[in-house]
Amino acid sequence: MGLYLSNISHRFGTNEVIKNVSAEIPSGQILCLLGPSGCGKTTLLRIAAGLEKLQQGSVRISDKIVAEANTHVPAEKRGVGLMFQDFALFPHLNVRDNVAFGLTELATEEANQRIDQVLERVNMLGQGEAFPHTLSGGQQQRVALARALAPKPAVVLLDEPFSGLDQNMRIQIREETLGILKSSGVATLMVTHNPEEALFMADQMMVMGPDGKILQQGLPNEIYTEPADAYVAKFFGQANSVNGVASGGKLESPLGAIKVPDCEDGCNVEAIIRPAAIILETENDDTPDDKRNRGNLKFEDGVPVEIISARSLGQNTFVRFRVKGAGEDVPDFHCRQRGYFPENPESEVRALVRQNRIFIYHTETST
18 MGLYLSNISH
28 RFGTNEVIKN
38 VSAEIPSGQI
48 LCLLGPSGCG
58 KTTLLRIAAG
68 LEKLQQGSVR
78 ISDKIVAEAN
88 THVPAEKRGV
98 GLMFQDFALF
108 PHLNVRDNVA
118 FGLTELATEE
128 ANQRIDQVLE
138 RVNMLGQGEA
148 FPHTLSGGQQ
158 QRVALARALA
168 PKPAVVLLDE
178 PFSGLDQNMR
188 IQIREETLGI
198 LKSSGVATLM
208 VTHNPEEALF
218 MADQMMVMGP
228 DGKILQQGLP
238 NEIYTEPADA
248 YVAKFFGQAN
258 SVNGVASGGK
268 LESPLGAIKV
278 PDCEDGCNVE
288 AIIRPAAIIL
298 ETENDDTPDD
308 KRNRGNLKFE
318 DGVPVEIISA
328 RSLGQNTFVR
338 FRVKGAGEDV
348 PDFHCRQRGY
358 FPENPESEVR
368 ALVRQNRIFI
378 YHTETST
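All you need for my numbering is the position in the sequence shown, starting with 1, plus 17.
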């Protein structure tokens with residue numbers, strides 16, 4: 018049981034938007050396809066659903082081929098549940114009738130029992146007679162999920178399902194949706210451009226680049242902690258980038274020497290430094306919490322910096338800074354500091370970098 022995509026490629030005219038994508042999603046598993054807008058994520062989902070005709074490769078649901086060279090099973094015959102970012106509820110139908118839309122082959126009594134079951138599962142049983150325009154975004158999302166699950170599909174396909182919700186509602190609905198999908202035991206393919214949502218929802222993850230190729234596939238935490246290339250590393254939030262040439266196992270950077278042990282002398286490298294890898298310290302930071310935060314790093318090991326801006330985000334502060342004495346061609350850096358960090362500190366500030374949180378990638382070799 019599950020959804021199986023094999024060697025799928027797709028073109029719109031001369032533009033190849035999906036390049037040789039394969040994936041296996043067993044029942045009970047959620048695979049999140051993460052990538053930027055316009056990279057081909059939704060096209061792949063539409064191919065799996067049967068809304069876009071397959072050009073190359075194959076799609077199998079459980080033990081049945083539903084799309085290959087000479088086969089195209091219509092969407093309504095594939096046994097998939099669909100949930101779109103705009104919910105796609107019928108405005109002229111109430112909640113019960115929206116959920117009933119895919120249950121036309123069931124007898125009335127059985128259909129009503131099924132509707133009650135899924136509405137109760139999404140905590141909307143008491144809203145059956147309401148119309149979509151009277152519901153909040155979160156309630157509409159629950160109805161859309163109930164409609165997707167009502168026919169008891171083998172596969173559920175989610176297209177940016179949380180993008181239309183405000184932050185607090187998104188967190189709540191995301192957690193509810195995860196629990197419902199897991200308890201339903203369906204195979205789920207979810208496409209999103211939001212790394213946090215993908216990390217939260219996924220059992221497996223694929224990262225698609227802007228050219229429609231899969232750059233990395235695996236467990237979410239492995240992709241986050243061991244990104245395959247600079248693009249993947251940068252996709253999980255704003256990151257600092259330092260380019261240079263390796264020499265003596267090091268890359269000299271404005272933030273100090275960065276270890277590049279696997280790079281030969283003369284090799285061009287790019288170092289990706291996530292904001293969490295940088296610690297800003299002042300001479301007065303000597304509390305036990307400060308010491309735990311910087312580990313074995315010492316204040317005198319850091320490079321002097323000048324704070325450009327510091328904006329509180331509640332639990333942490335987003336800080337932009339420049340290295341003192343660096344040339345005009347050296348870009349500013351940014352990091353996140355735990356708690357409050359002043360924009361105009363009273364004493365010297367230095368930047369310390371955790372070497373084990375820097376990602377090193379080879380670029381072209383110098384000649």
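We put the beta carbon where it would ideally sit given N, CA and C, even for glycine.
Nearest-angstrom Cα separation, counted from residue j out to residue i
i    : j    : result
A40  : E287 : 30 Å
M100 : R77  : 20 Å
R138 : G155 : 14 Å
T194 : L162 : 8 Å
M222 : G45  : 15 Å
Q234 : V224 : 6 Å
V173 : V97  : 6 Å
G52  : D183 : 21 Å
V116 : P244 : 41 Å
T380 : D80  : 43 Å
H109 : A147 : 11 Å
E126 : P227 : 48 Å
L314 : I231 : 37 Å
Y248 : K341 : 29 Å
G356 : S26  : 47 Å
V259 : A165 : 46 Å
P305 : Q372 : Reliability of the predicted coordinates at P305 is poor, the pLDDT of 47 falling under 50, and no value is obtained from them.
F316 : H351 : 18 Å
Alpha helix (DSSP H) segment containing residue i, residue limits
i    : result
M218 : 212 to 218
A65  : 58 to 66
F252 : 247 to 252
S4   : There is no way to answer for residue 4, as the model of the chain reaches only from 18 to 384.
R159 : 154 to 166
L136 : 125 to 138
A91  : In the sequence on display, residue 91 carries Pro and not Ala. Taken as a continuous stretch (DSSP letters only), P91 belongs to no alpha helix (DSSP H), as it is neither H nor E.
N115 : 112 to 117
T194 : 184 to 201
8 Å CB neighbourhood of residue i in its chain, flanking five on each side removed
i    : result
K267 : A274, I275, K276, V277
E360 : I324, S326, A327
Cutoff 7 Å; reference residue i; Cβ partners in own chain excluding five residues on either side
i    : result
P362 : T299, I324
V370 : L272, G273, I290, A294, I295
Y241 : L216, F253
Q354 : L297, N333, T334, V336
S180 : Q102
Q157 : F104, L106, P149
D246 : L232, Y378
Y21  : E41, R77
Sequence-distant residues of its chain with Cβ nearer than 6 Å to residue i (five each side left out)
i    : result
E85  : S75
L175 : M100, M207
S23  : S39, G74, S75
L71  : I64, A84
Supposed contact pair residue j and residue i - C-beta distance, whole angstroms, cut 8 Å
i    : j    : result
L216 : P237 : 5 Å
I42  : G67  : About 16 Å; that fails the 8 Å criterion.
M186 : R159 : Actually they are not in contact, since the Cβ atoms of M186 and R159 sit about 11 Å apart, beyond 8 Å.
R339 : V366 : Rounded, the Cβ-Cβ distance is 11 Å, inconsistent with contact.
D106 : P149 : Residue identity differs from the one stated: residue 106 is Leu in this sequence, not Asp. About 4 Å; that satisfies the 8 Å criterion.
R191 : G145 : About 24 Å separates the two Cβ atoms, so there is no contact after all.
T209 : E177 : 6 Å
A250 : A256 : 6 Å
Where the beta strand (DSSP E) containing residue i begins and where it ends
i    : result
Q221 : 221 to 225
Y21  : 19 to 29
(message) Would you call the region 28 to 44 in contact with the region 55 to 68, where contact means no fewer than 3 C-beta pairs closer than 8 Å?
(response) Output reads yes: the region 55 to 68 touches the region 28 to 44.
(message) If contact is defined by three or more beta carbon pairs under 8 Å, each pair taking one atom from either stretch, is the region 113 to 133 in contact with the region 189 to 204?
(response) Touching, no.
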